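Below is one structure, written out as structure tokens, with a few remarks after it.
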């Protein structure tokens, strides 16, 4: 059990190191994969989706098609299980807070109230320079698609791949459909930060 947990942490750490923090205009997405073990040939697997809603069932069908296109056999009593995980990560842009001045009350020994104001600054808000709307971090609208293969008998990782893609107005479901076969082409391989373009 401990060995399985350690392998899982190692896989997660390697994927995190290999994957860049954010996509950019040149590369809207990145694909990483890690072979935790050796995939048998021919590959016989059971397929599990994230949820049982209609969209998840449709994505499961696309995953099964991508696997069978790679000559994998799908059966409910297979020793290996393939899991699909889809998540959209959204974060608003963070801006610098207001810092025109500072106000502090005196303590028991010094009852004076102090107020300091920036007359001019090229980094902070100031009387002469005005408000500085500095962006601390850009907004994020990123699709994460992960496919994992585990041994059903002990939960041990055999292979896992993950794609991160900047949606930039794209539909999540349609984008996931395009990403699934791209991930499946890397089955059994280790891939470090490969640029992912869907056009």
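Residue numbers (our numbering): 913 to 1111.
Cβ coordinates follow ideal geometry from the N, Cα and C atoms, glycine included.
The structure presented is a predicted model; accordingly, all values stated were derived computationally and were not measured.
Its Cα nearest to that of residue 1075, the residue 1058 stands out among 972, 1053, 1058.
Sixteen is the threshold: since fewer than 16 other Cβ atoms of the shown chains lie within 10 Å of the Cβ of residue 1002, the residue is exposed.
In terms of CA proximity to residue 992, 951 leads the group 974, 1053, 962, 951. Excluding residues up to 5 positions away in sequence, 1110 lie with their Cβ nearer than 7 Å to the Cβ of residue 1090 in the same chain. Going by beta carbons, residue 1085 and residue 1054 fall outside the 8 Å limit. Three or more pairs of CB atoms, one per stretch, sit closer than 8 Å, so the segment 1100 to 1108 contacts the segment 940 to 948.
Burial state of residue 954 is exposed, judged by a 10 Å Cβ sphere holding fewer than 16 other Cβ atoms. Between residue 1108 and residue 1073, the CB-CB gap reaches or exceeds 8 Å. Just so you know, the alpha carbons of residue 983 and residue 1092 end up roughly 16 Å apart. Collapsing the DSSP output to three states places residue 978 in a helix. Within the DSSP secondary-structure output, residue 1107 pairs in a beta bridge with 942.
Around the C-beta of residue 1098, 16 or more other C-beta atoms lie within 10 Å, and the residue is accordingly described as buried.
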